[in-house]
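One structure is given below, encoded as structure tokens.
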Amino acid sequence: MADLAKEESAKEVENVIKNSGIKFRTYSTLGLRSDADFLFWFAAKSIEEIQSVISKLYLTVFGKYIIPTQTYVSCTRPSVYARKGRTIAFVAGNESKKYVIVYPFTKTREWYLLSKEDRQKMMDEHIDVSQKYPDIVLNTTYSFGIDDQDFMLAFETDDLRNFQDLIMDLRETKVSAYVKVDTPMLVCVKKDVIPLIGSLG
């Protein structure tokens with residue numbers, strides 16, 4: 136696509152998303168994955184709203200070049216284990232950080248057979264470790280019954296090494312023994328729509 140056409144196409148995509156009224160963020164995965172060059176993160180009150188904006192995106196010039204490789208569906212709801220109510224940062228409209236690391240997450244069936252008390256003790260340890268990294272923001276959403284995973288996790292950070300330290304520490308917690316799936320791990324760099332599309336071939 137010629138540079139001028141690419142710029143016009145990028146503006147078209149930006150207008151479609153902004154006029155949809157739903158919350159969105161756009162990220163580059165260029166050179167970070169072999170199966171995708173970008174990630175669109177949407178949040179809406181209904182799944183139909185998301186379908187509507189995606190349908191309109193496919194009708195744009197840029198949309199004709201899109202080949203989806205992965206999609207994930209999840210819902211916001213209060214945490215079962217958090218000590219106090221947690222608001223999903225993205226949904227609340229908090230300012231985004233430089234990176235987001237997104238991945239599907241599923242626990243083993245054995246985890247759900249444990250007593251609530253035992254699960255809470257292990258999650259308390261998990262939460263204590265996470266609180267050592269206050270600059271990392273976790274968005275946890277629930278996929279039970281509406282997608283293949285149990286949860287979707289999206290960690291926002293300005294420092295990938297700091298996030299890596301967190302994950303290494305979490306690997307040593309008791310609850311990690313009950314993790315069944317935590318891949319693929321999508322490392323994404325925050326980039327607005329117009330420069331994002333401009334960076335693509």
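Under my numbering, the first residue of the sequence shown is numbered 136, with each subsequent residue one higher. Glycine is no exception: its CB is placed at the ideal position from the N, C-alpha and C atoms. As the structure is a computational prediction, the values presented were derived from the model and not from experiment.
Quiz prompt | Limits of the unbroken alpha helix (DSSP H) element including Ser265 | solution = 251-265
Exercise. Consult DSSP for Pro330 and reduce its assignment to one of helix, strand or coil.
Key: helix
Self-check item: Ile236 - DSSP class collapsed to helix/strand/coil
Solution: strand
Quiz item: Does the segment 163-173 come close enough to the segment 142-151 that 3 or more CB-CB pairs lie under 8 Å?
Solution: no
Quiz item: Going by alpha carbons, who is nearest to Glu230 out of Glu291, Asp263, Lys267, Gln299?
Solution: Glu291
Quiz item: Pairing CB atoms from the segment 277-294 with CB atoms from the segment 190-209, are three or more of them under 8 Å?
Solution: yes
Self-check item: Where the alpha helix (DSSP H) containing Arg160 begins and where it ends
Solution: Looking at the DSSP string, Arg160 is not in any alpha helix (DSSP H); the run it does join, the beta strand (DSSP E), is 158-163.
Quiz prompt | Whole-number beta carbon distance between Tyr238 and Leu321, since they are thought to touch under 8 Å | solution = 6 Å
Quiz item: If you draw a straight line from the alpha carbon of Thr241 to that of Tyr216, how long is it in whole angstroms?
Solution: 16 Å
Exercise. To the nearest angstrom, report how far apart Tyr247 and Arg306 are at their CA atoms.
Key: 19 Å
Quiz item: Cα separation between Ala227 and Ile262?
Solution: 21 Å
Practice problem: Give a yes or no on contact between the segment 297-314 and the segment 250-261, applying the rule of three or more CB pairs nearer than 8 Å. | Solution: yes
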